[in-house]
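Number of protein chains: 2
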Amino acid sequence: MYERKTPLTIDCGLHLTKEVLNGKWKPAILRAISMDVKRPSEILRLFPGATRRVLNVQLKELEGHGMIEKKTYPQLPPKVEYSLTEIGWSLMPIIEAMNQWGDANRSFLEKVIKNAPKISETSKSACQIYRHMTVAQKIG
Amino acid sequence: MYERKTPLTIDCGLHLTKEVLNGKWKPAILRAISMDVKRPSEILRLFPGATRRVLNVQLKELEGHGMIEKKTYPQLPPKVEYSLTEIGWSLMPIIEAMNQWGDANRSFLEKVIKNAPKISETSKSACQIYRHMTVAQKIG
DNA sequence: TGTCATAGGGATAATTTTATCCCATATAGG
DNA sequence: CCTATATGGGATAAAATTATCCCTATGACA
Numbered sequence: 001m002y003e004r005k006t007p008l009t010i011d012c013g014l015h016l017t018k019e020v021l022n023g024k025w026k027p028a029i030l031r032a033i034s035m036d037v038k039r040p041s042e043i044l045r046l047f048p049g050a051t052r053r054v055l056n057v058q059l060k061e062l063e064g065h066g067m068i069e070k071k072t073y074p075q076l077p078p079k080v081e082y083s084l085t086e087i088g089w090s091l092m093p094i095i096e097a098m099n100q101w102g103d104a105n106r107s108f109l110e111k112v113i114k115n116a117p118k119i120s121e122t123s124k125s126a127c128q129i130y131r132h133m134t135v136a137q138k139i140g
Numbered sequence: 001m002y003e004r005k006t007p008l009t010i011d012c013g014l015h016l017t018k019e020v021l022n023g024k025w026k027p028a029i030l031r032a033i034s035m036d037v038k039r040p041s042e043i044l045r046l047f048p049g050a051t052r053r054v055l056n057v058q059l060k061e062l063e064g065h066g067m068i069e070k071k072t073y074p075q076l077p078p079k080v081e082y083s084l085t086e087i088g089w090s091l092m093p094i095i096e097a098m099n100q101w102g103d104a105n106r107s108f109l110e111k112v113i114k115n116a117p118k119i120s121e122t123s124k125s126a127c128q129i130y131r132h133m134t135v136a137q138k139i140g
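Following this line, the structure appears as structure tokens:
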């Protein structure tokens with residue numbers, strides 16, 4: 001861990017929300033948990049592109065921000081399950097909207113993103129969340 | 001500019017959306033433009049916490065991603081106005097939702113964010129967008 | 001005795017993003 | 001001549017995030 005050196009901007013709600021969702025896999029993690037993929041090892045398998053280390057760190061931050069809760073079962077090998085808190089659930093409409101917007105505009109977005117000068121390669125093999133059911137009902 | 005070395009994850013819509021919104025001021029910039037704060041100098045004044053350089057860079061990326069359009073008036077001193085494209089407008093419900101979620105949960109979020117170990121200081125003086133009207137009607 | 005599964009985290013390197021500083025254009029006004 | 005306005009961007013430093021590698025623990029199983 002390090003200590004932030006530039007003051008964190010929390011002026012408008014946008015920046016607060018951004019801080020919570022700020023992390024390469026955080027929205028995806030929240031979405032996974034909302035779809036009952038709740039054990040760390042399951043989440044890890046869901047995102048082959050992510051490192052175990054990073055997922056651990058981001059899970060811990062989400063927990064620290066009160067978006068998820070952790071339940072540890074006193075077993076061996078250990079068993080841990082995460083679940084969304086109430087405020088965590090309240091984020092789901094936003095995350096689902098982001099997901100839908102991205103999918104709805106996929107062809108356009110892939111084009112413009114690949115045209116961006118700094119991009120040399122993209123990866124599509126990472127997320128396997130499509131195998132799981134949608135959560136639309138739950139957040140309806 | 002640099003060249004990205006790790007492949008960009010674009011597996012699910014979430015990651016595509018994240019890529020577009022990925023930038024300290026991008027959601028705020030889009031929101032500003034949606035509220036008719038469209039000239040670079042105006043946007044800059046709106047976010048005292050942001051550098052001119054960063055806003056330029058992020059505006060350019062948003063333009064490159066097709067979220068905003070730039071109109072340059074052949075004048076001196078130069079005059080430039082940005083506006084949202086159609087797809088840029090289609091992002092506004094998400095951005096407004098993020099803003100509202102952050103504001104609705106402000107007291108809780110400020111608490112947990114400040115408790116996070118890596119935070120030492122926060123800044124609240126940056127965004128002055130509250131002086132402007134809401135855009136609710138426009139995206140209704 | 002090896003090896004696997006499951007979870008957690010330290011130390012450090014690499015990458016990516018932001019910040020800082022400086023220069024350029026061209027006109028108007030004191 | 002200096003200053004201000006308005007916009008854009010290069011070069012480099014600093015900060016923040018992610019990646020890589022390694023070590024911990026313990027029971028089950030071949």
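Protein chains in written order, with full-length UniProt numbering: chain A, 1 to 140; chain B, 1 to 140.
For each residue, glycine too, the CB sits at the ideal point set by N, CA and C.
Could you tell me whether the Cβ of residue i comes closer than 8 angstroms to any Cβ of chain B?
{"i": "leucine 59 of chain A", "result": "no"}
{"i": "threonine 122 of chain A", "result": "yes"}
{"i": "serine 41 of chain A", "result": "no"}
{"i": "leucine 44 of chain A", "result": "no"}
{"i": "proline 74 of chain A", "result": "no"}
{"i": "proline 77 of chain A", "result": "no"}
Got a sec, what are the start and stop residues for the beta strand (DSSP E) residue i sits in?
{"i": "valine 80 of chain A", "result": "79-84"}
{"i": "isoleucine 68 of chain B", "result": "68-73"}
Under 7 angstroms Cβ-Cβ, which residues of chain B neighbour residue i?
{"i": "asparagine 105 of chain A", "result": "Ile87"}
{"i": "arginine 31 of chain A", "result": "Leu14"}
{"i": "lysine 118 of chain A", "result": "Met1, Tyr2, Glu3, Arg4"}
By Cβ distance below 6 angstroms, which residues in the same chain neighbour residue i in space, the five residues on each side in sequence not counted?
{"i": "lysine 79 of chain A", "result": "Tyr73"}
{"i": "lysine 71 of chain A", "result": "Glu81"}
{"i": "glutamate 42 of chain A", "result": "none"}
Is the Cβ of residue i closer than 8 angstroms to any Cβ of chain A?
{"i": "tyrosine 82 of chain B", "result": "no"}
{"i": "tyrosine 2 of chain B", "result": "yes"}
{"i": "lysine 18 of chain B", "result": "yes"}
{"i": "serine 90 of chain B", "result": "yes"}
{"i": "asparagine 99 of chain B", "result": "yes"}
I'd like the span of the alpha helix (DSSP H) that includes residue i, first residue to last.
{"i": "threonine 51 of chain A", "result": "Threonine 51 of chain A -> no alpha helix (DSSP H), and no H or E assigned at all."}
{"i": "leucine 76 of chain B", "result": "Looking at the DSSP string, leucine 76 of chain B is not in any alpha helix (DSSP H), and its letter there is neither H nor E."}
{"i": "asparagine 22 of chain A", "result": "Counting along the chain, asparagine 22 of chain A falls outside any alpha helix (DSSP H), and DSSP gives it neither H nor E."}
{"i": "leucine 44 of chain A", "result": "40-46"}
{"i": "alanine 104 of chain B", "result": "92-104"}
So, for residue i: in the same chain, excluding its five sequence neighbours on each side, which residues have a beta-carbon less than 8 angstroms away from its beta-carbon?
{"i": "isoleucine 10 of chain A", "result": "Leu16, Glu19"}
{"i": "serine 83 of chain B", "result": "Ile33, Lys38, Ile68, Glu69, Lys71"}
Take residue i and list the residues in its own chain whose beta-carbon comes closer than 7 angstroms to its own, dropping the five residues that flank it on each side.
{"i": "histidine 65 of chain A", "result": "Val20"}
{"i": "lysine 60 of chain B", "result": "none"}
{"i": "serine 123 of chain A", "result": "Gly49"}
{"i": "threonine 85 of chain B", "result": "Gly66, Met67, Ile68, Glu69"}
{"i": "alanine 136 of chain B", "result": "Interpretation of alanine 136 of chain B is limited by its pLDDT of 39, a score under 50 that renders its predicted location unreliable; no figure is taken from the coordinates."}
What residues from chain A crowd round residue i, counting only those whose CB sits closer than 9 angstroms?
{"i": "aspartate 36 of chain B", "result": "By Cβ distance, chain A contributes nothing, its closest Cβ being about 17 angstroms from aspartate 36 of chain B, past 9 angstroms."}
Closer than 9 angstroms by beta-carbon distance: list the chain B residues that pair up with residue i, in chain order.
{"i": "leucine 109 of chain A", "result": "Ile10, Gly13, Leu16, Thr17, Glu19, Val20, His65, Gly66, Ile87"}
Output, in chain order, the set of chain B residues within a Cβ distance shorter than 8 angstroms of residue i.
{"i": "valine 112 of chain A", "result": "Gly64, His65, Gly66"}
Subject >> the segment 100-119 of chain A in contact with the segment 41-51 of chain B per 3-pair CB rule at 8 angstroms >> reply: no
**OP:** State whether the segment 28-37 of chain A contacts the segment 21-30 of chain B, with contact taken as three or more CB pairs (one from each stretch) at a distance under 8 angstroms.
**Re:** no
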